[in-house]
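Protein chains in written order, with our numbering: chain A, 1 to 252; chain B, 253 to 348.
The block underneath contains the structure these notes are about, expressed in structure tokens.
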Amino acid sequence: MTKQEAIYKYALRLGDDALILGHRLSELCSRGPILEEDLALTNISLDLIGRTQALFIYAASIEGKGKTEDDLAYRRSENNYGNHLITEQPNGDFAHTIARQLFISSFEYLFYSELEKSKDETLSAIAKKTNKEIKYHMQHASDWTIRLGDGTNESHKRMQNAINDLWMFTGELFEMDEIDAQLLPEGISVDLIPLKTNWNNYIKTVLTEATLKVPEDGYMQTGSRKGIHTENLGHILSEMQYLQRAYPDAKW
Amino acid sequence: MSLDTQLDLWEVFIQSKSGLPYIHAGSVHASDNKMALQNARDIYTRRGEGTSIWVMPSKYIVASNPDDNDMLFDPSNDKVYRHPTFYVMPEGAKNI
């Protein structure tokens with residue numbers, strides 16, 4: 001794989017993470033538990049869609065085939081998406097939404113803090129901009145985790161269930177594949193292995209304060225970076241891509 | 253006491269830039285300080301309206317009674333000399 005191809009794929013799958021999670025959160029528009037939280041979650045969704053756009057514009061420019069960010073978002077099939085499996089998991093109850101936000105935003109904070117140092121100037125600039133937003137996402141998710149975990153019996157039980165249910169999707173976040181490995185010596189990609197300890201420590205701190213148990217590492221789901229997804233992604237894409245599929249090149 | 257599923261009410265004050273007064277923007281529901289501040293941020297500063305936020309529990313607001321309006325506010329209606337319209341404003345004076 002040439003360096004250009006590797007950067008294209010690297011930017012594309014980072015964009016996929018943001019796109020799919022952003023879409024998931026957008027599903028909560030008008031369905032938040034209270035008005036304030038409805039706006040908070042859709043604000044986060046918009047942050048993610050904005051990040052997607054920046055990454056896809058960059059990916060399209062590197063690919064050099066004259067595609068737009070919309071082509072990349074709406075005209076690929078399921079096995080061409082490289083988003084982490086956790087981003088496509090359903091919103092579930094509010095605790096599941098928050099657990100997913102906690103796991104992803106705390107990982108992203110560590111990840112994008114490193115990507116800020118990337119020798120690829122565009123990736124570094126996107127990382128700097130997005131990390132301010134991620135810091136807020138992480139604060140929001142952490143506060144809610146503590147509130148629900150250390151709340152009533154019911155909220156504690158639901159929060160613990162959500163943490164347990166989603167735990168098996170967290171191992172994949174730290175996997176290095178050939179694209180990560182190829183760009184690492186160039187100083188472009190992030191070394192994911194060292195992030196794991198910091199991530200575990202952060203999650204442990206939050207869960208402990210929330211009086212929740214950190215799950216044991218057991219079987220971990222994997223495959224997203226190879227385009228192997230859970231059944232959820234197909235459902236997301238069928239809704240997300242409907243308009244482009246039904247009315248190609250529609251403008252409004 | 254009825255069960256309120258919308259949490260406590262807080263009043264939100266936004267300062268649009270340093271040095272200007274905090275202006276009441278509206279209210280939010282929240283269960284604690286942090287949530288009140290975050291909700292205020294999400295609802296009232298999404299379009300760059302502010303650089304600083306105050307929140308306070310609405311229950312601590314002390315309000316005048318509308319029945320007292322005659323007593324409190326009418327007397328100032330005919331005292332036009334209290335308006336600074338009889339002075340020449342110095343050039344460069346803003347926000348007066």
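Idealized CB from N, CA, C, for every residue including glycine.
With a threshold of 8 Å between beta carbons, H276 of chain B makes no contact with chain A. Among the residues facing chain A, I295 of chain B is included, as its CB has a counterpart in that chain under 8 Å away. Interface criterion met: the Cβ of M287 of chain B is under 8 Å from a Cβ in chain A.
About 6 Å separates the Cβ atoms of E263 of chain B and I313 of chain B, confirming a contact at the 8 Å cut-off. The Cβ neighbour count for L272 of chain B, taken over all protein chains shown within 10 Å, is under 16; the residue is labelled exposed. For G278 of chain B, DSSP records a beta bridge to B:V264. If you draw a 10 Å sphere on the C-beta of V332 of chain B, you find fewer than 16 other C-beta atoms in it, and that means exposed. Here S155 of chain A carries a helix assignment [DSSP, helix/strand/coil].
Residues of the stretch 139 to 167 of chain A that bring their beta carbon within less than 8 Å of a beta carbon in chain B comprise Q139, H140, D143 and R147, in sequence order. Following the DSSP letters along the chain, one finds V307 of chain B inside the beta strand (DSSP E) bounded by residues S304 to P309. For the pair I7 of chain A and D120 of chain A, the CB atoms are nearer than the 8 Å cut-off. Taking 4 residues as the minimum length, the stretch 31 to 56 of chain A contains no alpha helix (DSSP H) run wholly inside it. Sequence-distant partners of L72 of chain A (beyond 5 residues in either direction) whose C-beta falls short of 8 Å from its own C-beta, in its chain, are L12, G15, F56, A59 and A60.
For I313 of chain B, no alpha helix (DSSP H) run applies, since DSSP gives it neither H nor E. Spanning the alpha carbons of T87 of chain A and E343 of chain B requires a straight line of approximately 58 Å. Contact note: R299 of chain B does not reach chain A at a C-beta cutoff of 7 Å; the least C-beta distance is about 11 Å. Under the DSSP assignment, F111 of chain A falls in the alpha helix (DSSP H) whose first and last residues are F94 to L115.
Taking 8 Å as the cut-off, the Cβ atoms of M159 of chain A and A95 of chain A count as close.
The count of Cβ pairs closer than 8 Å, one atom from the stretch 222 to 229 of chain A and one from the stretch 120 to 133 of chain A, stays below three, leaving the stretches out of contact.
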